[in-house]
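> Residues 395 to 599 (my numbering) are what the sequence shown spells out, left to right.
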Amino acid sequence: MLTMFEITLGNWPPVARLLQEKVSPYFVIFSIGHKIIFGFACLAVINGVFMQETFKVAQQDDQIMLRTVETKRQAHRRKMQMFFQHANDDDDNILSIEEWKEVINEEKVKHWFAAQGLSISDPELLWKILDTSGDRQLDLEELIQGTARLQGFAKSLDLAVLTLEQRSLQTQAKEIRQSVEMIRQQVGMLLRTSIDASSTPGVRC
């Protein structure tokens, strides 16, 4: 039993060599077959299952999740600071639209943003999305927060919020349409009344 345990989990070549030289050369087939079937196949699968369960439990740990999120946030901030320093030629801590277009047209910058999960197909549209203040200037915080919102795939919450806003806009558009229709009807009634009054003899408008 100790020898089988050593063959399966420990240093199997000395045992295989001893069986080959002292017992029979055919034990080579047994040793190699046992190592391939039990050592590589079965034990590798078992180790893989244990590792997967370990990582799954680790991902559900609150402290680990908090540290992971904070690490990603700090890494994103450092990367955006590096990009901001590279793009800000005049060192005024503000990116203009001209500086943005100049740096964003560099091929390596496009690849760098793609590696961050941001595919830049329309630099001007991306600028409008990032420039939340609307002053045609981009500071570091706007860049960090804007790119963080745009990274990765759309989440279910984002789609739900977008659907809710779209329904709200539809409701407002319907109310505006009804109000316009009522105003049109009232104006029409006033015009008809005015025309009838002006066409009636002896009636002064």
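We treat Cβ as the ideally placed atom computed from N, Cα and C, and that holds for glycine.
For the alpha helix (DSSP H) that contains Gly528, what are its first and last residues?
Here Gly528 belongs to no alpha helix (DSSP H), and DSSP marks it neither H nor E.
> Around the C-beta of Gly540, are 16 or more other C-beta atoms found within 10 angstroms, so that it is buried, or is it exposed?
Burial call: buried.
> In whole angstroms, what is the alpha-carbon distance linking Met576 and Leu584?
Cα to Cα, the separation comes out at about 12 Å.
> Could you say if the stretch 422-436 and the stretch 402-413 meet the contact criterion of at least three C-beta pairs nearer than 8 Å?
With the cut-off at 8 Å, the stretch 422-436 and the stretch 402-413 touch.
> Please state if the CB of Ser418 and the CB of Trp406 are separated by a distance shorter than 8 Å.
Not a contact, by the Cβ cut-off of 8 Å.
> Can you name the start and end residues of the alpha helix (DSSP H) that Gln510 belongs to?
No alpha helix (DSSP H) contains Gln510, which DSSP labels as neither H nor E.
> To the nearest angstrom, how far is it from the Cα of Asp484 to the Cα of Gln566?
Roughly 46 Å between the two C-alpha positions.
> Which residues does DSSP pair with Leu489 in a beta bridge?
Paired residues: Leu532.
> Quick one: what does DSSP say Gly404 is sitting in, helix, strand or coil?
Gly404 falls in the coil class under three-state DSSP.
> Cα-Cα, which of Arg543, Ile401, Ala591, Ser515 is closest to Gly433?
Measuring from the Cα of Gly433, the nearest candidate turns out to be Ile401.
> Check Asp516 in the structure and name its three-state DSSP category.
Asp516: coil per DSSP, three-state reduction.
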